[in-house]
Amino acid sequence: MHPPAQIEQLLDARLAHLGPAPGGPSLQNASSAQVTLNIRIAPALQARLTREAALFVFARESGAQGPPLAAKRLTSAAIGTQIHLSTADSVMPGRVLLNGRQVAITARVSFSGQALPVAGDLYGELTYDVGHDGARDLLIDRVAD
């Protein structure tokens, strides 16, 4: 059965509150889960960048819509550095990064400062296997329509 996304999120949050099921993911599985990224920008987009622009880095379940599992709001000055997303960056209780899960990672420079994308924002994406992949390079190489 596949309930509507809102119901699925509510159920996930309630189940996470109850704790792991026997044989399910352990608390350590969640607490040690981490995404490590080296954020870069394509040379062709470098001139568009301003140091005070907001940089959002977030992880979603692959193919899922709605709120991300983890997110950070930084400034574009963080481009060229290593960024970590972990359970500490969770945006909703009960929805966390878990080892063994594949997530979609997006890094987006937002010139409006808003979390939702706007035409002209710069972004890059990749797929990350939590608990398996080490540090990955994420290249911001696209412009939002």
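Here my numbering = 1-based position in the sequence shown + 217. For each residue, glycine too, the CB sits at the ideal point set by N, CA and C.
Cβ neighbour criterion (16 or more within 10 Å) applied to residue i
{"i": "A250", "result": "buried"}
{"i": "R270", "result": "The displayed chain sequence assigns Ala, not Arg, to residue 270. Classification for A270: buried."}
{"i": "S303", "result": "buried"}
{"i": "D354", "result": "exposed"}
{"i": "S327", "result": "buried"}
{"i": "G351", "result": "exposed"}
{"i": "A276", "result": "buried"}
Beta-carbon proximity check, residue i vs residue j, cutoff 7 Å
{"i": "A324", "j": "G341", "result": "yes"}
{"i": "A336", "j": "D358", "result": "no"}
{"i": "M309", "j": "P334", "result": "no"}
{"i": "I258", "j": "V274", "result": "no"}
{"i": "A294", "j": "R268", "result": "yes"}
{"i": "Q319", "j": "D346", "result": "yes"}
Proximity winner among the options, relative to residue i (alpha-carbon distances)
{"i": "L311", "options": "R290, H349, L286", "result": "Checking the sequence, you will find Gly at residue 311 rather than Leu. Residue L286 is the option with its Cα nearest to G311."}
{"i": "V252", "options": "A259, K289, L272", "result": "K289"}
{"i": "L266", "options": "G280, G348, L254, G297", "result": "G297"}
{"i": "A332", "options": "L343, D350, T292, V313", "result": "T292"}
{"i": "S279", "options": "S329, L356, A352, G317", "result": "G317"}
{"i": "I256", "options": "L343, V313, G348", "result": "L343"}
Proximity test, Cβ basis, 7 Å: residue i and chain C
{"i": "I256", "result": "Absent from the structure: chain C. Only one protein chain is present."}
Identified DSSP bridge partners for residue i
{"i": "D346", "result": "Q319"}
{"i": "D358", "result": "DSSP lists no partner for D358."}
{"i": "I296", "result": "DSSP lists no partner for I296."}
{"i": "F273", "result": "R290, R325"}
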